[in-house]
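Residue numbers (our numbering): 3 to 92. To start, the structure itself, in structure tokens.
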Amino acid sequence: MQAQTTDAVRGTAIVASSSARQNPVEPAPAAEAVADAQHLQKIRAAAYALYEARGCVEGHELDDWLQAEQQARQPLAGSVQAAASATMAH
């Protein structure tokens, strides 16, 4: 009776591994969580830099955060635009 159970388990493992090969691999949720945490840390740092640049005047937290989010969304657009401006200046 134990041999049949072992064969059944092996059969399940074979089916599972062959179906896993057919399906594309999706990003691991842990990797996405790390990327999200890093993105939020960049926004926090940028918002704090804006706060410091204003002389640490309180009351503009939301403005700083929203501006930092916008900067984080457009890092490539800014570098492409800067490169284009530098090219046109020559």
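All residues carry an ideal CB built from backbone N, CA and C; glycine is no exception. Computed from a predicted model, the values in this text were never measured in an experiment.
{"Query": "Buried versus exposed, by CB contacts within 10 Å (16 or more), residue 66", "Result": "buried"}
{"Query": "Coil, strand or helix - residue 49 by DSSP", "Result": "helix"}
{"Query": "Residue 49 vs residue 70 beta-carbon contact at 8 angstroms", "Result": "yes"}
{"Query": "For residue 47 and residue 53, the rounded distance between their alpha carbons", "Result": "10 angstroms"}
{"Query": "Reduced DSSP category for residue 63 - H, G, I as helix; E, B as strand; rest coil", "Result": "helix"}
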